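In full-length UniProt numbering, the protein residues as written are 1 to 323.
Glycine included, each C-beta is placed from N, C-alpha and C at the ideal position.
In this text, all values refer to a predicted model and were calculated from it rather than measured experimentally.
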């Protein structure tokens with residue numbers, strides 16, 4: 001347990017603060033104070049053998065929400081909430097279900113490869129220098145990850161990456177899927193108008209309810225699962241971790257980026273759904289024609305090469321007969 005060590009460390013820190021206060025009051029000479037601080041830092045590192053990593057909710061001057069904090073929140077929600085006593089639930093933007101995670105000033109434990117770590121949810125209050133008719137303090141939330149110093153390399157090198165991967169997977173699983181489409185041109189000039197609109201994607205069809213040959217269905221599912229879990233393999237062979245569409249798009253060798261470019265080729269506000277579809281069809285036809293032309297060129301080159309090889313073979317035979 002880290003609580004006894006935390007109490008001891010807190011006592012030492014309080015004593016150091018007292019020494020600093022005394023030094024400020026000129027009761028202790030500065031050289032002696034420097035020696036005492038060095039000594040107590042060494043003692044504290046022996047008595048309190050724990051390191052901490054702070055993960056703030058916001059970063060930068062533009063107050064962007066830190067991705068590591070978001071993924072850690074999702075990870076703790078999916079893995080560690082069963083061991084917490086105080087929880088909180090919130091329905092964030094783009095989520096399909098409430099996110100239940102540990103409440104402020106709560107502690108949970110986690111184990112990674114036999115190593116125990118402690119997560120603390122904290123918040124600090126700041127006084128912003130802002131001129132306002134309704135001044136108020138700001139609360140900055142953060143997570144404090146505590147672990148034994150002998151496990152520091154494991155935590156920094158592997159555990160944090162594990163948090164990122166599992167947290168991102170939890171976010172993807174809980175996010176709300178949406179279908180986007182173009183709004184009619186007549187709706188763009190309203191003060192609330194937008195070129196795009198969306199609805200929640202709640203299609204009931206799944207692989208379980210899909211009527212198709214069981215063997216083919218199992219083969220498709222196995223192929224998709226293999227691709228989903230093959231990110232490291234694609235990285236090891238130096239290829240992008242993506243898949244093409246094996247029907248028309250695969251035949252004409254067009255990528256999803258080409259599809260997006262074809263849909264949004266003309267950014268005029270006079271475009272609507274029909275115009276976007278026409279752009280996409282034109283792009284597919286152009287790709288198909290280019291592929292056919294390239295295939296014809298390859299056939300011509302192969303035919304010419306075969307003819308040259310045949311002539312060379314005939315010449316060799318003639319030379320052999322003469323000899």
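query: Contact between the stretch 111–127 and the stretch 196–212 is defined here as three or more beta-carbon pairs at a separation below 8 Å; is this criterion met?; result: no
query: Mapping DSSP to helix, strand and coil, what is residue 210?; result: coil
query: From residue 182 to residue 55, what distance separates their C-alpha atoms?; result: 40 Å
query: For the stretch 143–163 and the stretch 78–85, state whether three or more C-beta atom pairs, one from each stretch, are separated by less than 8 Å.; result: no
query: Under 8 Å, do residue 163 and residue 71 count as touching if we go by C-beta distance?; result: yes
query: By DSSP's criteria, residue 142 is part of a beta bridge. Which residues make up the other side?; result: 56, 122
query: May I ask you to list the residues that DSSP assigns as paired with residue 106?; result: 121
query: According to DSSP, simplified to helix, strand and coil, what is residue 51?; result: strand
query: Roughly how many whole angstroms lie between the Cα atoms of residue 53 and residue 237?; result: 34 Å
query: Run the CB neighbour count on residue 147, radius 10 Å, all protein chains shown included, and call it buried at 16 or more, exposed below.; result: buried
query: For residue 50, which of 301, 201, 149, 281 has the nearest alpha-carbon?; result: 149
query: Would you call residue 60 buried or exposed, if buried means 16 or more other Cβ atoms sit within 10 Å of its Cβ?; result: exposed
query: Given a cut-off of 8 Å, decide if residue 125 and residue 106 are closer than it, judged by their beta-carbon atoms.; result: no
query: From residue 64 to residue 57, what does the alpha carbon distance come to, in whole angstroms?; result: 8 Å
query: Going by beta carbon distance, what residues of the same chain come within less than 6 Å of residue 122, once the five residues before and after it are set aside?; result: 142, 144
query: Please state whether DSSP places residue 177 in a helix, a strand or coil.; result: coil
query: In whole angstroms, what separates the C-alpha of residue 112 from that of residue 159?; result: 7 Å
query: Is the separation between the beta-carbon of residue 203 and that of residue 180 shorter than 8 Å?; result: no
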